């Protein structure tokens, strides 16, 4: 078993904007700066591998804001971070526990498990690709499935889309 953290890769969240005033908002890229994962990889049978990860919900930083009427300011970034911490991820921790790994061939596999956000758990599937020591993949979740009301502004004319993408990219330890 190996313990991984931010020095081994990244966990990013991508949000999109919607609504009548979506042109003034930004599509965001956020990255967790505090997380850890316990990973067991069976090189002889990938289906016997497992992952258990915890992300500090208060550690998300705004990496990028695309679109919008104006570039994101430092104040905008601070406001977004505060909103994520206080209104979106109220429990503070995000947890993932794998339940099964399926080999899809050609260095691809599906990691199935339970994702818990703000106390609500749901099954998810993350399609992953391994290339050498790196494993990367992405999944899409709906905030409302976890009891999260997507953020909105301007009397609801500008909203964060319900669907958000979660991307992982890590370097597995050798040996």
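Numbering (our numbering), first residue to last: 219 to 393.
Backbone N, C-alpha and C define an ideal beta-carbon position, used for all residues, glycine too.
Predicted model only: the values in this text are computed from it and were never measured.
Compute the distance between the beta-carbons of residue i and residue j, then report whether it is under 8 Å.
i, j, result
"residue 386", "residue 344", "yes"
"residue 230", "residue 247", "yes"
"residue 347", "residue 330", "no"
"residue 259", "residue 267", "yes"
"residue 277", "residue 250", "yes"
"residue 342", "residue 359", "yes"
"residue 364", "residue 338", "yes"
For residue i, which option in the options has the closest C-alpha, if you only look at C-alpha atoms?
i, options, result
"residue 242", "272, 229, 256 and 294", "294"
"residue 227", "372, 254 and 315", "254"
"residue 301", "238, 286 and 279", "279"
"residue 403", "352, 350, 366 and 349", "Within the shown structure, residues of the chain are numbered from 219 to 393, placing residue 403 beyond reach of any answer."
Applying the 10 Å Cβ sphere with the 16-neighbour rule, what's the burial state of residue i?
i, result
"residue 392", "exposed"
"residue 322", "exposed"
"residue 355", "buried"
"residue 361", "buried"
"residue 376", "buried"
"residue 238", "exposed"
Pick helix, strand or coil for residue i, following the three-state DSSP scheme.
i, result
"residue 295", "helix"
"residue 251", "coil"
> Can you list, in chain order, the stretches of the alpha helix (DSSP H) that have 4 or more residues and sit fully within the segment 266-290?
Replying inline: none
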